[in-house]
Structure formats: structure tokens, C-alpha cells
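Student: With UniProt numbering applied, the sequence shown corresponds to residues 1 to 264, in that order.
A virtual CB, placed ideally from N, CA and C, is assigned to each residue, including glycine.
Take this structure, written in C-alpha cells, and hold onto it; I'll ask about it next.
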Amino acid sequence: MESFVHLRKGRTPRRLHADLDGLKDDELGRGGFTGRTANIYRRHDPTAYRAVGPLRPLDVLSDDLKPSDATDANGGPLLMFHNIDCRILLSRRHQAMPFYTRHVDGDLLCFVHRGSGMAETEFGPLRYREGDWVYIPKACTWRQIPDSETTLLMVEAADEFRVPAPGALGRHFPFDPSQITIPEPAPIDDDDRDQYEVRLIHRPLAEGVPTSLYYQHNPIDVEGWRGDNFPFTFNIGDYNVVTSNSVHLPRQCICSCRPPGSMS
1 MESFVHLRKG RTPRRLHADL DGLKDDELGR GGFTGRTANI YRRHDPTAYR AVGPLRPLDV
61 LSDDLKPSDA TDANGGPLLM FHNIDCRILL SRRHQAMPFY TRHVDGDLLC FVHRGSGMAE
121 TEFGPLRYRE GDWVYIPKAC TWRQIPDSET TLLMVEAADE FRVPAPGALG RHFPFDPSQI
181 TIPEPAPIDD DDRDQYEVRL IHRPLAEGVP TSLYYQHNPI DVEGWRGDNF PFTFNIGDYN
241 VVTSNSVHLP RQCICSCRPP GSMS
């Protein structure tokens, strides 16, 4: 619930997130960076503490992390963080997947930090390059075919990614939806394999083992499709940057997609 009532007590700066005059800005909010908030101005840095226990800050040097898909074509990405809304993984694949995948819990969004290649989806092939966001909708069958080692930051949602409602700048900020790349159907003939594996990517179940489906035909056999649920790519170079020299811009000003449970 949001409120039109905003109160001010004690010593506070005239402008939000500016002119602090030595005070430390601490923000308590509901729903990420939207909804009701309280800006608390402290004498001391709110992050100047020593943590004991499982809930503590982590400094992750991702260049030192080695997912199993970096050395094994049958390997997978490395899970780094997770909560009930999403999982964040790291992939360094440099060989084509000998299997297909299908994310059955929710959508998948990948950022191409380094490398190029192709996402072979049942909607058609999608070329990707450095700086691309690759969106794969829930239950879409696909596999990755890199040209060289590709570093992906992967966000698996527990449901559907949403595009935030347009703000005062209009529907083309922070990105123009007409600049996305959408695949054309390209069914693939069967090869000499006896079966084609499709790995179902899902949260761990009671038995603790993954699920695979095996087809006697290539599952990339779609002759045509229509609708508004499809994979696409969007390059960060086409992103419309919103900046300000005078005021602090909240995170939602630069948000392009958000997972369920997140308002930022």
C-alpha cells in the first residue's frame, strides 16, 4: 500500500539523497525501491558492522568461479544466489549443448557478458553477441551453441518476467521494444541419433534428482508459431540511458525486466 502522507521529523536534508551535510542516508522500504519508504539520516555509516552467522555480506569474484559447463559439454551453470523469487547462475560454456533444456518453473533471462553464438530455440534460432539480453520464456525448448567461450549471467525466475509500467518518459524508455530480435521458425531434421534429450530445469524435488525427457525425433520441429509469448534478444547498446545531474534516480528508472516478487 502506498500513501500520499509523507512526514519529516528532526534534522533532514532539504532534498532527498542530496545535501546530507555529514549525515549518512539509510533507506527502509517495502517492495524493493518502490512502495512506502522511510529515509533515516544517521550519524554513522549503517554498513559499519561485523557480521556473525549465515546472513552476512559476500564479495564474489566471479572470474574465479568455474561452472562445470566450462570444461564439460554435459555440465551446467553454477548457482551463485537464490531466493523464493529467482535463482542467479553463472555459465562459461564453450561447447555446444549435446542436449536441450526446458525451464519449467519460470522464465529465463541471460546477459551475455562475453562471447557470441546461437540460442537454438523451438521458435527458431537466435544469434547472440556481447551485451545481449537473451529472453527464454517458461517451458521453451532450447540449447546453446557458442562460437567460443561464452560467459552468461543467468536469472531464472520462479514465474514470469514483467516489463515495468512506462513512466513519465513514455513507452520507449528505458528501452524501445521494437528493437528486439525475434526468431523465425526453422525446423531441424533428425540426424543419426537414436534419441534427443530434453533436460527439465526445475527447483529440487523430494527425490533430489533432475528430470530428462527423451524424444525419438528432434524437438526443434516447429514449422510456424503465432502469439505474444516468444524468445527474443535485446542489446544493451540500444538501451536509452536516463541520467540526472540534480536528483537521485531510483532503480526503477533503469529497469527493463523484473521477476515476480520484485518491484525494482
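Closest by CA to Y239, which one among D176, Y135 and E184?
Tutor: D176
Student: At which residue ranges does the UniProt domain "Homogentisate 1,2-dioxygenase N-terminal" (103 to 235) contain complete beta strand (DSSP E) runs of 3 or more residues, listed in the order of the chain?
Tutor: 108 to 114, 117 to 121, 124 to 128, 132 to 136, 141 to 146, 151 to 157, 196 to 201, 211 to 215 and 232 to 235
Student: Spatial neighbours of G27 within its chain, please: C-beta separation below 7 Å, excluding the five flanking residues on both sides.
Tutor: First, the amino acid is wrong: residue 27 is Glu here, not Gly. Closer than 7 Å at the Cβ level, and outside the excluded window around E27, lie T37 and N39.
Student: Mind checking S91: buried by the 16 CB within 10 Å criterion, or exposed?
Tutor: buried
Student: Is the region 124 to 140 close to the region 105 to 113, with three or more CB pairs under 8 Å?
Tutor: yes
Student: Is it buried or exposed, H103, if we count other Cβ atoms within 10 angstroms and call 16 or more buried?
Tutor: buried
Student: How many angstroms separate the CA atom of V247 from the CA atom of W133?
Tutor: 28 Å
Student: May I ask which residues mark the beginning and end of the beta strand (DSSP E) holding T37?
Tutor: T37 to R42
Student: Check each candidate in P98, I84 and P46 and name the one with the smallest Cα separation from D69.
Tutor: P98
Student: Identify the residues that DSSP records as bridge partners of T101: which are they?
Tutor: W142 and R199
Student: How many Å lie between R8 and V242 at the Cα?
Tutor: 29 Å
Student: Return the bridge partner residues of F81 from the DSSP annotation.
Tutor: I88
Student: Near M80, what residues of its chain come up, given a Cβ to Cβ distance below 8 Å and the 5 sequence neighbours on each side ignored?
Tutor: V60, S62, L65, I88, L89 and L90
Student: Given this structure, state the Cα-to-Cα distance separating R43 from G10, to the nearest angstrom.
Tutor: About 13 Å.
Student: How many angstroms separate the CA atom of A48 from the CA atom of C86?
Tutor: 29 Å
Student: According to DSSP, simplified to helix, strand and coil, what is G237?
Tutor: If DSSP states are grouped into helix, strand and coil, G237 belongs with the helices.
Student: Is it true that the region 139 to 155 meets the region 114 to 125, where meeting means three or more beta-carbon pairs spaced less than 8 Å apart?
Tutor: yes
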